[in-house]
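In our numbering, the protein residues as written are 264 to 955. A virtual CB, placed ideally from N, CA and C, is assigned to each residue, including glycine. These numbers were taken from a predicted model, which means no experiment stands behind them. Report on the following structure.
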């Protein structure tokens, strides 16, 4: 007792868990360096304990259910748990350690059980339903109506109306799905960073840019093979080999290693995991009254039905395949120039397509890279945001906690001088970071005591590392990715909702803010601002800009087919109404795509065993969303282009008001109609991809 009293009195030398008290840091950002793995564990357990107590208080309230004592109270519950997970989750993707991965495995079944306890709580659902059934008599704002609807739908869609036996089976399914998705993601992280292709001589690297050769030598030395050159399966490492390397055998090795991640028959092989996930998801869908998983997933999305998804994808598939076959003829011509007559394979596509592009348009991406140094690109991104929305960016260093030395932090200042958000730009690959690019947040926008709490937003990418001179020169694709992810960041900066339950938009709407932002990346007016030669500071010549514009649509056959192929594979597995006991997801994927006439030289952008979007969760039966949103973003950018001013302030103000700010208060199509004055048309998408 004496020891306990001492601790309560504040005289104990025992370390205090930073997660369990208010962050006394600038902008209330987590003090990353002071938080240990044990702090995360304790914070998660304590967060669940507090959340349970808050739910119990709602269910045991003797007063009749009201919007305030049930819906609002539920929305405001679980703050500590959200705070801890919001700090841990972004780091588990970008700064993962063995300890963090072990904690994820430990906590995953506990979280699954915890949220099932809430969503399947009969007393809690009875109170929610009572308020929902009485909604016609309530005086609610549009946001309050939305959170009430969302809360009720969440319980129903989570199984609140199932029988006790069905609820128990749902719990089991949720837990196993959660664990398998985590195992898939951890397998993929290992396969991406620890699958290597080694070159033994410089002769094998002919055609590869010097910066990539230097990076490969550095990677080999770091992995105990000095004097050799090594490539892992992060795109900045392996893509240049596929695009520039003359050595066909090295291209083949890299291509096969990349596309066979998770399909190598080793301990990290995920074929069985994928098949099991498909079966479990189908069982869950049937338990919930649907004939397949896609139907269930799409119920609350803009597309609504699998038929609508297939209709959109196939409208673009046929012209894309035709364009890809045209590109293949160009590739065959380039092969003949080399004195060969072999039929091109997958590992030939990027290399010879790049050569064909140079031949047709005299455009050399290596020449363009010299004008796309990453710091200049960031200034271009900030310039566009300022011209459209009046926001400015102030880099902050010592004032805010840092979770990663290479990540830069910025204060985002609105046109009226108030702080809108804090933004971390984390651009470079490392072994602890998963592949790809994404936008996340350490803290979402919220309200407390009537005051807006600013979000803390992160763009996490895997861009090309600095060369030996310290300059990180980016590809066209990388620059588009940076603009894309910053579009997500803008959405997070500007969201302004009172209730977290009304903050989210439909999965197939969420890519609109990101994809429209790509349209500014290579517009001549924007390039003139940020595309400066990394050595001379010279602005990119207008003749080079013209070449970029002329060649922009070249290669869209390949890019579109590989994307739609992945989207179709995702849907094909999740519209199954029966899953064969011997399902091999790789064979299934190949057979379905072959039936649709995919060129043999093109594989899906992600094959199923490395398809994190669907097998890792998040975009399951939803990878089509990028194409769905492209219909919106292409049509939406036309709203600017039609005025003759890509920075048109009136259009930008409407986009901010109706698209970026409302969260999910309205549904996606309502928001789009509010902005555009009509529903979107597919014409702009087809035109932009060169199919019309």
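Cutting at 6 Å between CB atoms, please list the residues of its own chain near residue 937, excluding the five before and the five after it. 921
Requested in this report: Could you say which of 576, 318 and 602 lies nearest to residue 386 if we only look at CA atoms?
Outcome: 318
Going by beta-carbon coordinates alone, are residue 939 and residue 902 separated by less than 8 Å? Cβ atoms of residue 939 and residue 902: closer than 8 Å.
Checklist entry - For residue 676, which residues does DSSP report across the bridge? => result 655 and 682
task: Assuming residue 502 contacts residue 459 (C-beta within less than 8 Å), just tell me the rounded distance between them.
output: Incorrect: roughly 15 Å between the Cβ atoms, too far for contact.
| message | For a quick check, are the C-beta atoms of residue 762 and residue 829 less than 8 Å apart? | response | no
Query raised in the report: Which one or two residues does DSSP pair with residue 687 in a beta bridge?
Result: 672 and 721
*asked:* Do residue 760 and residue 931 have their beta-carbon atoms positioned less than 8 Å apart in this structure?
replied: no
Counting C-beta neighbours from all protein chains within 10 Å, is the total for residue 603 16 or more, i.e. buried, or is it exposed?
Residue 603 comes out exposed.
Secondary structure at residue 736, three-state DSSP: helix, strand or coil? strand
Excluding sequence positions up to five away, which residues of its chain have a Cβ less than 8 Å from the Cβ of residue 833? Cβ neighbours of residue 833 beyond the five flanking positions: 874, 876, 877, 882, 883, 884, 885, 886 and 887.
- Distance between residue 907 and residue 784 (C-alpha atoms, nearest Å): 17 Å
Quiz prompt | Distance between residue 584 and residue 686 (C-alpha atoms, nearest Å) | solution = 40 Å
task = Kindly indicate the opening and closing residues of the beta strand (DSSP E) around residue 568.
result = Segment: none, residue 568 is in no beta strand (DSSP E) and carries neither H nor E.
_Close Cβ partners of residue 476 (< 6 Å) along its chain, the five nearest in sequence each way excluded_ = 468
Which residue marks the beginning of the beta strand (DSSP E) containing residue 461, and which one marks its end? 460-462
Q. What does a CB cutoff of less than 8 Å around residue 827 pick up in its chain, not counting 5 residues either side in sequence?
A. 576, 579, 580, 583 and 890
Supposed close pair residue 632, residue 737 - CB separation, criterion 8 Å: 6 Å
- Query: What is the C-beta distance between residue 717 and residue 753, in whole angstroms, given that I count them as a contact (C-beta under 8 Å)?
  - Reply: So it is not a contact: roughly 14 Å between Cβ atoms.
Note to self: So for residue 292, helix, strand or coil by DSSP?
What the structure shows: coil
- Query: Who are the near neighbours of residue 949 in its chain, counting only those whose CB is closer than 6 Å to its CB and skipping five residues on each side?
  - Reply: In its chain, beyond the 5 residues on either side, 955 have a beta carbon closer than 6 Å to the beta carbon of residue 949.
At what residue ranges does the region 614-642 contain a whole run of the alpha helix (DSSP H), taking only runs of 4 or more? 628-632
I need the DSSP call for residue 239, collapsed to helix, strand or coil.
Outside the modelled stretch of the chain, which goes from 264 to 955, sits residue 239, for which no answer is possible.
Margin query: At the level of alpha carbons, what is the spacing between residue 860 and residue 548?
Written below: 30 Å
### Query
Which full runs of the alpha helix (DSSP H) of 4+ residues lie inside the region 495-523, going along the chain?
Whole alpha helix (DSSP H) segments, 4+ residues: 498-507 and 511-522.
My understanding is that residue 534 touches residue 847, with C-beta atoms under 8 Å, so please give their C-beta distance in whole angstroms.
6 Å
If you draw a straight line from the C-alpha of residue 383 to the C-alpha of residue 766, how long is it?
-> 23 Å
DSSP state of residue 378, grouped into three classes? Residue 378 falls in the helix class under three-state DSSP.
* Would you kindly check if the distance between the Cβ of residue 775 and the Cβ of residue 896 is under 8 Å? => yes
Exercise. Among residues of its own chain, excluding the 5 on either side of residue 697, which ones have a beta-carbon nearer than 8 Å to its beta-carbon?
Worked result: Only 356, 357, 359, 448, 451, 452, 455 and 875 meet the Cβ criterion.
Cutoff 6 Å; reference residue 818; Cβ partners in own chain excluding five residues on either side: 616
Item to complete: Go ahead and pull the three-state DSSP assignment for residue 795.
Response: strand
- Distance, Cα to Cα, residue 841 vs residue 544? 11 Å
Going by CA-CA distance only, name the one from 627, 719, 793 and 733 that's closest to residue 643.
793
Alpha-carbon to alpha-carbon, residue 325 and residue 700: 48 Å
Along the chain, which unbroken stretches of the alpha helix (DSSP H) at least 4 residues long are found entirely within the region 816-854? 819-837
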